[in-house]
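Asker: Positions in the sequence shown are counted from 1; adding 202 to them yields the working numbering. Beta carbons: idealized from backbone N, C-alpha and C, even for Gly. Okay, handing you the structure first.
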Amino acid sequence: MPKIKTHRGAAKRFSLTKSGKIKRGKAYKSHILTKKSTKRLRGLRQTGYIATCEEKKIREMIPYK
């Protein structure tokens, strides 16, 4: 069986936790920050987790992580 290539874009964006969940960063925090409240920006700094319905797709993209 040949090796599967890792999707490099996905590898940079997602990481696995010890429990097997897929961790991701939040969107909407790179520009046009003046109109976003401090409270909102603080929340965007936290990491999130991938929805369970999307996990299979992401795991196929990052098989060796």
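What are the boundary residues of the beta strand (DSSP E) that residue 224 is part of?
Answerer: Here residue 224 refers to the residue found at position 22 of the sequence shown. Where residue 224 is concerned, the enclosing beta strand (DSSP E) stretches over 224 to 226.
Asker: Can you tell me whether DSSP reads residue 147 as helix, strand or coil?
Answerer: Any question about residue 147 goes unanswered here, given that the chain covers just 203 to 267.
Asker: Buried or exposed: residue 234, going by 16 or more other Cβ atoms within 10 Å of its Cβ?
Answerer: On the sequence shown, residue 234 is found 32 positions in, with the first residue counted as 1. Its Cβ having fewer than 16 others within 10 Å, residue 234 is exposed.
Asker: Considering only DSSP beta bridges, list what residue 245 is partnered with.
Answerer: Translated into positions along the sequence shown, residue 245 becomes position 43. Answer is none; residue 245 lacks a bridge partner.
Asker: Over the uninterrupted alpha helix (DSSP H) stretch that includes residue 205, give me the two end residues.
Answerer: Numbered from 1 along the sequence shown, position 3 holds the residue referred to as residue 205. From DSSP, residue 205 is part of no alpha helix (DSSP H); its letter is neither H nor E.
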